[in-house]
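Q: Note that my numbering numbers the sequence shown so that position 53 is 39, with each residue one more than the last. We put the beta carbon where it would ideally sit given N, CA and C, even for glycine. Sending over a structure as structure tokens; questions will come in a sec.
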Amino acid sequence: MHVIIGLGNPGEKYEKTRHNVGFLVVDHINSRFNGSFSKGRGPYLQSKISLDSTPVLLVKPTTYMNLSGQAVRHIIEYYKTDLANEILVVVDDFHLPFGSIRIKPNGSAGGQNGLKSIIQVTSSNQFHRLRFGIGSKHSILSGDMSGFVLSAFNRSERDHLAEMVEWATDATVSFVTSGPEATMNKYNRNYLEDSN
């Protein structure tokens, strides 16, 4: 079984913020494959779907971003999931420009508190993550990372958000059906720049 974990903050207040793109992508996957979220056995919502006959568990932690590791630990222990080979974490990335995604098999948290929590709780950075770019020139110049990630997308970004969520969804499906290497080769780029 593969587990796709979208990181974000629960509640209406955070629904449309940049920090919640992990939830947006997982919600879109769930909708595309007719899944249904329900309360999990730990601090998360879950939905079971199938991709090319592969069982997939979609997960949205209910812990708030900074404690995401608690949900991941419960999933690993309860479902006997292999962190390095069966889990993909979908997360926002302040350092990547909007329009880009990057899938990596390991690495540091890069200042992302959800990833930091997972690394601390599991004592490992050996897990795949799909980083969804939310950065902009303004975000770099402002220096207020917390304020930026918890704000809504601007109008220009909103015009392209649906197609970016679709792109990240396609990449996530490819991760399960075609494997990490093929997926990284195809999707690790700036979709919006390449489409123009």
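1) Buried or exposed: which applies to T40, given that a residue is buried once 16 or more other Cβ atoms fall within 10 Å of its Cβ?
2) In three-state DSSP terms, what is K66?
3) How long is the line joining the alpha carbons of V(-11) and V135, rounded to whole angstroms?
4) Round the Cβ separation of F118 and V7 to the nearest angstrom and send it over; I've been treating them as touching at under 8 Å.
5) Looking at the secondary structure, which residues open and close the alpha helix (DSSP H) in which Y133 lies?
6) Taking the alpha helix (DSSP H) that R191 falls in, what are its first and last residues?
7) Rounded to whole angstroms, what's the CA-CA distance from H60 to T158? Just pull it up for me.
8) Tell me where the beta strand (DSSP E) around S39 begins and ends.
9) Quickly, what does DSSP pair F118 with across the bridge? List them, please.
10) Using a Cβ-Cβ distance under 9 Å, would A148 count as near chain B?
11) Alpha carbon to alpha carbon, how far is Y177 from R27? Give it in angstroms, no decimals.
12) Select from G100, T108, L37 the residue whose C-alpha is nearest the C-alpha of F19.
13) Quick one: what's L31 bridged to in DSSP?
14) Could you work out which residue in S122, S160, E152, A154 is closest to E143 when comparing CA atoms only?
15) So T169 and I15 are supposed to be a Cβ contact under 8 Å. How far apart are they, rounded?
16) How would you call Y64, buried or exposed, if buried means at least 16 neighbouring beta carbons within 10 angstroms?
A: By the coordinates alone:
1) exposed
2) In the structure shown, K66 sits in coil (DSSP, three-state: anything other than H, G, I, E or B).
3) 25 Å
4) 5 Å
5) According to the sequence provided, residue 133 is Gly. The question's Tyr does not apply to it. Note, G133: alpha helix (DSSP H), 131 to 135.
6) This structure cannot speak to residue 191, because the chain is shown only from -13 to 182.
7) 22 Å
8) It is not in any beta strand (DSSP E) - S39 carries neither H nor E in the DSSP assignment.
9) D78, I87
10) Chain labels in this structure do not include chain B; a single protein chain is all it has.
11) 37 Å
12) L37
13) K25, K46
14) For E143, the nearest C-alpha among the options comes from S122.
15) Not really, about 14 Å apart at Cβ, beyond 8 Å.
16) exposed
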